[in-house]
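Peer 1:
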Amino acid sequence: MGVVNVTPDSFSDGGLYLDPERAIAHGLELVADGADILDVGGESTRPGAEEVALEEELRRVEPVVAGLAGGGAAISVDTSKAAVAAAALAAGAEIVNDVTALRGDAEMASLCADRQATVVLMHMLGSPRTMQEDPRYDDVVDEVKAFLAERVEAALAAGIAEQRIWLDPGIGFGKTAAHNLELLRRLRELQELGRPLVVGTSRKSFIGKVDGSAAGERLGGTVASSLLAMTAGAEVLRVHDVAEVGQAVAVATAILG
Ligand code: HH2
Numbered sequence: 009m010g011v012v013n014v015t016p017d018s019f020s021d022g023g024l025y026l027d028p029e030r031a032i033a034h035g036l037e038l039v040a041d042g043a044d045i046l047d048v049g050g051e052s053t054r055p056g057a058e059e060v061a062l063e064e065e066l067r068r069v070e071p072v073v074a075g076l077a078g079g080g081a082a083i084s085v086d087t088s089k090a091a092v093a094a095a096a097l098a099a100g101a102e103i104v105n106d107v108t109a110l111r112g113d114a115e116m117a118s119l120c121a122d123r124q125a126t127v128v129l130m131h132m133l134g135s136p137r138t139m140q141e142d143p144r145y146d147d148v149v150d151e152v153k154a155f156l157a158e159r160v161e162a163a164l165a166a167g168i169a170e171q172r173i174w175l176d177p178g179i180g181f182g183k184t185a186a187h188n189l190e191l192l193r194r195l196r197e198l199q200e201l202g203r204p205l206v207v208g209t210s211r212k213s214f215i216g217k218v219d220g221s222a223a224g225e226r227l228g229g230t231v232a233s234s235l236l237a238m239t240a241g242a243e244v245l246r247v248h249d250v251a252e253v254g255q256a257v258a259v260a261t262a263i264l265g
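Quick note on numbering: the sequence shown equals residues 9 to 265 in the working numbering.
1. Report, in whole angstroms, the separation of the C-beta atoms of R246 and D47, which I expect to be a contact under 8 Å.
2. Suppose the cutoff is 6 Å on Cβ atoms and the five residues either side in sequence are ignored; what does the same chain contact list for S52 look like?
3. For the alpha helix (DSSP H) containing D150, name the first residue and the last one.
4. If you reduce the DSSP assignment to three classes, tell me which class G176 lands in.
5. What does the Cβ neighbour count give for R137, buried or exposed, with the cut at 16 atoms within 10 Å?
6. Between T87 and A93, how many whole angstroms is the CB-CB distance? I'm expecting something under 8 Å.
7. For L110, which three-state DSSP category applies?
8. Leaving out the 5 sequence neighbours to the left and right, which residues in its chain are closer than 6 Å to S84 when beta-carbon positions are compared?
9. On the criterion of 16 or more Cβ atoms from any shown chain inside 10 Å, does L191 qualify as buried, or is it exposed?
10. Which ranges does the alpha helix (DSSP H) cover as unbroken runs of at least 4 residues, wholly within the segment 17-56, from first to last along the chain?
11. Identify whether A99 lies in helix, strand or coil by the three-state DSSP scheme.
12. Roughly how far, in whole angstroms, is the beta-carbon of D27 from the beta-carbon of H248, given that I think they are within contact range, below 8 Å?
13. What does a CB cutoff of less than 6 Å around G229 pick up in its chain, not counting 5 residues either side in sequence?
14. Less than 7 Å separating the Cβ of G178 from some heavy atom of the ligand HH2?
15. Could you spell out where the beta strand (DSSP E) holding V127 opens and where it closes?
16. Do the CB positions of S213 and G265 come within less than 8 Å of each other?
17. So what's G265 in DSSP terms, helix, strand or just coil?
18. Which term fits R193, buried or exposed, when burial requires 16 or more other beta carbons within 10 angstroms of its beta carbon?
19. By how many angstroms is the C-alpha of V218 removed from the C-alpha of L156?
20. For E115, which residues in the same chain have their Cβ closer than 6 Å to its Cβ, ignoring the five residues on either side in sequence?
21. Quick one: residues in its chain with C-beta nearer than 6 Å to the C-beta of R159, no 5 flanking neighbours on either side, listed in chain order?
22. Going by DSSP in three states, S84 sits in which element: helix, strand or coil?
23. In chain order, what residues of the same chain have a beta carbon less than 7 Å from the beta carbon of A163, not counting five sequence neighbours either side?
24. At what residues does the beta strand (DSSP E) containing V11 begin and finish?
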């Protein structure tokens, strides 16, 4: 899954693809690099990020989804607003990646059920504005797992088919570096939930906590963590650097057979 951020303020590529033409060109490049899915987002969820008004998020996302649909990859929309998801699904998206796991907008679950969208349910403690203020868990893996199990039940109750539900531990969303490392170390435990796992470690700050690197210098850490997630059962790797991670995955897969 390649990341297409149509935002001025994303933590690693904010402002690069705010213009729809540039975002579409970037998405097509990621498809050429081997992306099977493009995740188009118009609102940064980095720690402390300001919320984006509905009209502005629609203005960013809709033309980019329309421009990329049919371009060789499935389109996912990274939003927690039902109106944005609806517009993206109408423009050709098939997947709704909701970092609030259907808790952010009361209309989201029924929309996804009606449109038969695949949904990504992600764990987050708190909201982007507050999530990095002293996050605490007794056992981060058990708590993330219990949360995701509860959100699967909520999605099923809303009429979303089980085979359309993917799960994500939410690396960096209300977690310290130690929490993120433990989630990645024990990722297999989340496989017990029985649904495909999406994992997004790309350029995230836990990598910088390991070696002091800045957001633009975390490709090695992204590759390492993505490969380990893959060998622990992750089926979707959400990354900015599709060519590099794709090559690493291909070589690792060839070695492992
Ligand atoms: N991470 C980010 C955004 N959306 N969605 C899922 N399912 N999983 C993730 O790990 C995830 C996500 C943050 O990365 P990015 O989009 O590059 O940054 P920003 O939120 O600042 O736009």
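Virtual Cβ for every residue (Gly too), placed ideally from N, Cα, C.
Peer 2: Considering the structure as presented:
1. 6 Å
2. T15, D17, S18
3. 148-165
4. Contrary to the premise, residue 176 reads as Asp rather than Gly in this sequence. Strand at D176.
5. exposed
6. 5 Å
7. Collapsing the DSSP output to three states places L110 in coil.
8. Residues I45, D47, I103, N105 of the same chain have their beta carbon placed closer than 6 Å to that of S84, with the five preceding and five following residues left out of the count.
9. buried
10. Unbroken alpha helix (DSSP H) runs of no fewer than 4 residues, entirely contained in the segment 17-56, are found at 28-40, following chain order.
11. coil
12. Contact between D27 and H248 does not hold, since the beta-carbon distance rounds to 18 Å and is not under 8 Å.
13. I215
14. yes
15. 126-130
16. No, these two residues do not count as a Cβ contact at 8 Å.
17. coil
18. exposed
19. Between L156 and V218, the C-alpha separation is close to 27 Å.
20. A90
21. A109, L129
22. strand
23. L110, A117, V127, L129, I173
24. 10-13
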